[in-house]
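Take a look at the structure below.
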Amino acid sequence: MSLVDATEEAVDDHAVAARLAAIAGELLVELRRGPLTGRPLGAEGDRQSNELLLRGLARFRPGDAVLSEEAADDPARLDARRVWIVDPLDGTREYGEPDRTDWAVHVALWEDGALAAGTVALPARDLVLRDDRPPALPVAAPGPPRLVVSRTRPPAVADRVAEVLEAVTVPMGSAGAKVAAVVLGEAEAYVHAGGQYEWDSAAPVAVAAAAGLHVSRLDGSPLRYNQPDVLLPDLVVCRPELADAILAAVRGFGAALGAEPPPR
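Here the sequence shown stands for residues 1 to 264, where the numbers follow my numbering.
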């Protein structure tokens, strides 16, 4: 679907987020069929998806500000009532590896101090998760909890959580893919520390909260967006019945675990 085809569907903010994420996902899937691989493919995917999202937002929401991983930060967003927070390609490393599905497109809207809309597209799985149409939270699976963690830099705090919950860890790429795993009942929790930015978690958190999951910082405080410093270094997304145990397990690790920004 092109941006032109999407015009009639872009009637509200949820629809804008969903259609733009889906269209960017289609572009990325098609680009992946071409000759590029590895880092060159990831770089081109970042560039083309970002350009598409920026064009779409300029067309459908021309008065809104945008914070994108792949664009220069405009400080005017700090005075805006509405800011779109986008990650054109979350999991660039995984996108560049043949057959991996753990990469995503994130499109979220922050409005008047809170997330107001969010979509996580998982193009390689042909899935689009929307905060206004969240899937029903599945019944908890039998057996030990599954804890999704970073594939390339799992934090020490995840080992602590796994020990306390007697959980099995599941390494995965994209933050959006990890949160989606919890939303879809493919895992029970996701714990991260050591660095993320607002665009890594905004759309996934909007979807997870709408689905009835617990979402917070490691210390249990709310995740706040459209801040002057876009580093938002730690995150807990889990089934609500696990939240108290996880927060108790990570208590004492503190913000030091997220003090260092991730590589960009």
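Glycine included, every Cβ here is placed at the ideal spot set by N, Cα and C.
Delimiting residues of the beta strand (DSSP E) encompassing residue i
| i | result |
| --- | --- |
| residue 65 | 65-68 |
| residue 235 | 235-238 |
| residue 87 | 82-90 |
| residue 115 | 114-122 |
| residue 110 | 104-111 |
| residue 150 | 146-150 |
| residue 130 | 127-130 |
| residue 215 | 214-216 |
Among the options, the one whose alpha carbon lies nearest that of residue i
| i | options | result |
| --- | --- | --- |
| residue 198 | 162, 110, 31 | 110 |
| residue 228 | 83, 134, 31, 32 | 83 |
| residue 183 | 234, 64, 130 | 130 |
| residue 39 | 68, 25, 96, 149 | 96 |
| residue 239 | 212, 28, 98 | 212 |
| residue 143 | 132, 157, 166, 73 | 166 |
| residue 124 | 145, 23, 141 | 23 |
Opening and closing residue of the alpha helix (DSSP H) in which residue i lies
| i | result |
| --- | --- |
| residue 16 | 13-32 |
| residue 40 | 38-60 |
| residue 201 | 198-210 |
Residues near residue i in its chain [Cβ-Cβ closer than 6 Å; skip 5 each side]
| i | result |
| --- | --- |
| residue 176 | 90, 104, 106, 120, 204 |
| residue 138 | 185 |
Through-space distance from residue j to residue i, alpha-carbon basis
| i | j | result |
| --- | --- | --- |
| residue 35 | residue 219 | 45 Å |
| residue 114 | residue 200 | 16 Å |
| residue 50 | residue 85 | 12 Å |
| residue 181 | residue 127 | 12 Å |
| residue 168 | residue 58 | 44 Å |
| residue 47 | residue 215 | 30 Å |
| residue 71 | residue 163 | 40 Å |
| residue 263 | residue 171 | A caution first: residue 263 carries a pLDDT of 41, below 50, which makes its placement in the model unreliable, though a value can still be read off. Rounded to the nearest angstrom, the two C-alpha atoms are 18 Å apart. |
| residue 257 | residue 235 | For residue 257, the predicted model reports a pLDDT of 49, less than 50, meaning its position is unreliable and no value from the coordinates is stated. |
| residue 178 | residue 190 | 7 Å |
| residue 135 | residue 210 | 9 Å |
| residue 266 | residue 31 | Nothing in the structure corresponds to residue 266, since the chain is present only between 1 and 264. |
| residue 244 | residue 217 | 13 Å |
| residue 92 | residue 98 | 12 Å |
| residue 88 | residue 94 | 14 Å |
Sequence-distant residues of the same chain with beta carbon closer than 8 Å to residue i, five excluded per side
| i | result |
| --- | --- |
| residue 76 | 65 |
| residue 207 | 118, 119, 120, 129, 130, 131, 134, 179, 180, 183 |
Residues of its chain near residue i, where Cβ-Cβ distance is below 7 Å and the 5 sequence neighbours each way are ignored
| i | result |
| --- | --- |
| residue 13 | 109, 116, 117 |
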